[in-house]
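>
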Amino acid sequence: MDHLLSLQDVQPQGFQIKLVETYLVFTMFGMLQMLMRWFHRWKKQKKVVVVGGGYIGMEIAAAAVAWKLDTTIIFPEDHLLQRLFTPSLARRYEELYQKNGVKILKGASIKSLEASSNGNGGVASVKLGDGSIVEADTVIIGIGAKPAVGPFERVGLNTDVGGIQVDGLFRTSIPGIFAVGDVAAFPLKIYSRISRVEHVDHARRSAQHCVKALLSAQTNTYDYLPYFYSRVFEYEGSPRKVWWQFFGDNVGETVEIGNFDPKIATFWIESGKLKGVLVESGSPEEFQLLPELARRQPPIDKAKLQNATSVEEALDIARESLQAAV
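full-length UniProt numbering applies: residue 1 is where the sequence shown begins, and numbers increase by one.
1. In three-state terms, what does DSSP make of Glu21?
2. Excluding five sequence neighbours on each side, which residues of the same chain lie with their C-beta closer than 8 Å to the C-beta of Arg296?
3. Would Ala303 be called buried (16 or more neighbouring beta carbons within 10 Å of its own) or exposed?
4. Under 6 Å Cβ to Cβ from Thr71, same chain only, skipping five residues before and after it: list those, please.
5. What residues match up with Ile257 in a beta bridge as DSSP calls it?
6. Hey, quick one: how far does the alpha helix (DSSP H) through residue 331 stretch, first residue to last?
7. Rank Ser109, Ala145 and Ala294 by C-alpha distance to the C-alpha of Gly131 and give the top, closest one.
8. Spatial neighbours of Gln306 within its chain, please: CB distance less than 6 Å, with the 5 preceding and 5 following residues excluded, ordered by chain position.
9. Going by the beta-carbon positions, is the gap between residue 348 and Ser112 smaller than 8 Å?
10. Taking Cβ to Cβ, would you say Ala265 is nearer than 8 Å to Val251?
11. Go ahead and pull the three-state DSSP assignment for Val211.
12. In chain order, which alpha helix (DSSP H) runs of at least 4 residues are fully inside the segment 127-189?
13. Would you mind listing the beta strand (DSSP E) stretches within the segment 279-308 that are 3+ residues and don't spill past its ends, in chain order?
14. From the DSSP output, read off the bridge partner residues of Thr72.
15. Pull up the DSSP beta-bridge partners for Gln245, would you.
16. Measuring CA to CA, which of Asp167, Arg204 and Thr172 is closest to Gly181?
17. Quick one: give me the first and last residue of the beta strand (DSSP E) that Glu59 is part of.
18. Using 10 angstroms around the beta-carbon of Gln196, count the other beta-carbons present and answer buried if the total reaches 16, otherwise exposed.
19. Report the three-state DSSP secondary structure of Arg196 (helix, strand or coil).
20. Keeping to the same chain, check which residues put their C-beta closer than 6 Å to that of Gly162; ignore five residues upstream and five downstream.
21. Look up Ser206 in the DSSP assignment and say whether it is helix, strand or coil.
22. Hey, how far is the Cα of Lys263 from the Cα of Lys68?
23. When we look at the beta-carbon of Val200 and count the other beta-carbons within 10 Å, is it buried (16 or more) or exposed?
24. Buried or exposed for Ser310, going by 16 or more other Cβ atoms inside 10 Å?
25. Buried or exposed, going by whether 16 or more other CB atoms sit within 10 Å of the CB of Ser206?
26. Sorted by chain position, which residues of the same chain lie with C-beta nearer than 7 Å to Ser125's C-beta, five sequence neighbours on each side aside?
27. Round the Cβ separation of Pro298 and Lys273 to the nearest angstrom and send it over; I've been treating them as touching at under 8 Å.
Structure, rendered in structure tokens:
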């Protein structure tokens, strides 16, 4: 064998509460198999508790309430999607989720899961750290993941950087071994730092880049631009569909424009330069502008941006900053 390409995935973060499968408790990893097994019972469930306020938790909660389930989302952070959203932006989405019927318990911890007493092998409730009880007949845990690096640590690969460290062609420190996707800690060229990205876009692009390098004489190093998005509440009859896109780096000061009816935009500015941008409910043309803004990081007039009266005007200001930087 000349080459070994690691497509190792990630594994669930540790969850300190004992999980009993017959309780209808699911982690997102392996959830599909368990749902298939329990499908006849899943259709009868009425009260769902989702643990985790990140991408997984938000998308599962939106889907559950769309299925007319009594849905509660519980997480220990101060607000939803804390690793990306600002507090004010998160508040907009929290209000929308609540308007759609999702109950939100933030800053909460889970002490235990209580079994049903009716002999059906189900869960009856979730007990929180403060002693309060949330009724539930299904619990879904989506609290993030960590890279599955065990086998590679044993052969001497560096995993001290949060994943398997690779170079810009996804080569590890051992010749012939490569790592891509969620598990790879790679040079994020645009920001001159080592990073690990858990996202389908990066997983696809990193695999394509690595294989192309293996099959050809390509020496161009990977140059990824961080990109995240979410689409929820898109079911038929939904009063409000959600589709946001983010490109770049969420560092520095922020400027928020728009009233979330339906559009809103958040710009991250550091040292006078635009570093990242998120837009909710943008047009195709507006979404197309975002990666160019994030990649080129043009100098931008923060005061002028703050005075914009609409998302459209703010994006026009950003577009002008691109043109001025040429």
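Beta carbons are placed, not taken as given, at the ideal position from N, Cα and C, and that holds for glycine.
From a predicted model like this one, the values you see are computed outputs, not experimental measurements.
Checking against the coordinates, here is how it stands:
1. Summary for Glu21: the model assigns pLDDT 46, below 50, so the residue's position carries little reliability, and this model does not support an answer.
2. The residues are Leu322 and Ala325.
3. exposed
4. Hits under 6 Å: Val48, Ala61, Ala64, Val65 and Val102.
5. In DSSP, Ile257 forms a bridge with Ala265.
6. The displayed coordinates of the chain run from 1 to 326. Any statement about residue 331 would go beyond what the structure contains.
7. Ser109
8. Val255
9. In the structure as shown, the chain starts at 1 and stops at 326, and residue 348 therefore has no counterpart that could be examined.
10. No, Cβ-Cβ distance for Ala265 and Val251 is not below 8 Å.
11. helix
12. 150-153
13. none
14. The partner list for Thr72 (beta bridge, DSSP) reads Val49 and Lys103.
15. According to DSSP, residue pairing for Gln245 in a beta bridge involves Tyr229 and Val279.
16. Arg204
17. From DSSP, Glu59 is part of no beta strand (DSSP E) but of the alpha helix (DSSP H) over Tyr55 to Ala66.
18. Residue identity differs from the one stated: residue 196 is Arg in this sequence, not Gln. Residue environment: Arg196 is assigned as buried (16 or more neighbouring CB atoms within 10 Å of its CB, all protein chains considered).
19. coil
20. Cβ neighbours of Gly162 within its own chain (closer than 6 Å, five residues either side excluded): Ala185 and Arg196.
21. helix
22. For Lys263 and Lys68, the distance between alpha carbons rounds to 26 Å.
23. exposed
24. Answer is exposed; the Cβ neighbour count stays below 16.
25. buried
26. Excluding positions up to five away in sequence, the list reads Glu114, Ile133, Val134, Glu135 and Ala136.
27. 7 Å
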